[in-house]
Every structure is written in C-alpha cells, then in structure tokens.
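Residue numbers (the numbering used here): 447 to 647.
Listed below in structure tokens is the structure:
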C-alpha cells in the first residue's frame, strides 16, 4: 500500500518495478526460432531453435569437433564384400563400442588405447557437466580429465587431427605441409589488406 502511494506521488519510483515485471515476462517467453544455414559445400537453410544453430556451427569447426559414427554388425557384413581388411578394423571399433571416423578407422589398431581412454574420460566429463547447477556457471570442471581427448583446443600434437593419418602413412609430411599452409595464410592476409590507390599519371 505504501509503495503504491509512493509511486503515485513520485512516478519515477515505479520504473524499477515495471522493469522487473517486464524482465520476468521476457524470461518466461519462448526463445524465438531463427532462420539458419547449415553446411559448407552443400548448403541448406531452415528455421530452427537457436540452440540447434549453435551446435551446428560447432560441428562445422573441424579443429574442435569431428564427425564419428558407430558401426552396426550389418554395416560390417556389407563392408566385407568389398574390403575385408577395413571390415576387420570396423569389427574392432564395434567390439569396443567406439564411434570412429574413417581416418581413425585406418589407424585403429595403433590408437586403440588412446580411443578407449578418451571414451572413459568423455563419459566422466559428461557426468560432471550434467551435475552443474541450473543457471551456471557453465564451465568444464577443473577436475575433469580430458588429456586423451582429441582434437581439443590447445593441443600440442597432431593426434585426432586431419594430419594424423598422412603423417602415419608418410612420415615427415607434416613438416613439409605446415610451413606451406602458413605461407598461404600469410599471402592471403597480405592480399586482403587495403593498399592506397595509385593516382593516374
């Protein structure tokens, strides 16, 4: 009662209350859908939740995430018809319940210990993240061990990256390719810089 009389006498006091009511109303509203684009080479567009857009963009960042798939026994049986050796490696992934991509599949016998440790660490990290309180802060707990996870931001090796398979097949290739990539980026950066236009003579 006293607050309502004070707001009547001085309308400025009503502004904080109005802002509070509006903020609560805004938080209760449904997040609006957005018009988004998915894909790099073959693009398609659709309307979806902004959370879907965020996850899609993360999946497109190949230095952060890589697509993996889990084989079924039917997949492996079909694979045996045209590549028995690849089917044998796929069987290893299936028996260990490991989602892999074809680059990892090629090296699975060599990197199997790391993949198993990665699977264990990811399961532990998911469990810890699932226990985070609603409202955050949404940060990976410092106790979470992700030392075997690849690719991961800040890693100092090529495990799990696009260079892992070429380096395994052709040792020394990374040392030859990386300087070339850096040179191309340097040239691209120099070409994109704006230079003063020359006056016509």
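Quick reminder that beta carbons are idealized off the backbone N, C-alpha and C, glycines included.
Mind checking who residue i pairs with in its DSSP beta bridge?
i, result
"residue 546", "515"
Is residue i helix, strand or coil when you go by DSSP?
i, result
"residue 486", "coil"
"residue 573", "helix"
"residue 537", "helix"
"residue 560", "helix"
"residue 622", "helix"
"residue 593", "coil"
"residue 532", "helix"
"residue 440", "Given a span of 447 to 647 for the chain in the structure shown, any question on residue 440 remains unanswerable."
"residue 611", "helix"
"residue 499", "helix"
"residue 553", "coil"
"residue 507", "coil"
Here's a check: name, in chain order, each residue in its chain whose Cβ is nearer than 7 Å to the Cβ of residue i, leaving out the five neighbours to either side.
i, result
"residue 611", "549, 552 and 553"
"residue 557", "550"
"residue 613", "604, 619 and 620"
Just to confirm my understanding: we take residue i, look at its own chain, exclude 5 residues before and 5 after, and list those with CB closer than 8 Å. What are they?
i, result
"residue 547", "512, 513, 514 and 515"
"residue 536", "517, 521, 522, 525 and 551"
"residue 505", "511 and 513"
Return the chain-ordered list of same chain residues with a C-beta closer than 6 Å to the C-beta of residue i, the five sequence neighbours on each side being excluded.
i, result
"residue 542", "none"
"residue 591", "567"
Run the proximity test for residue i: is its beta-carbon closer than 7 Å to any non-hydrogen atom belonging to the ligand SAM?
i, result
"residue 530", "Absent from the structure shown: the ligand SAM. Ligands present: none."
contact_flag[the region 590–608, the region 500–514] where n(CB pairs < 8 Å) is 3 or more:
yes
Would you check if the region 592–599 and the region 567–580 touch, i.e. whether three or more CB-CB distances between them fall below 8 Å?
yes
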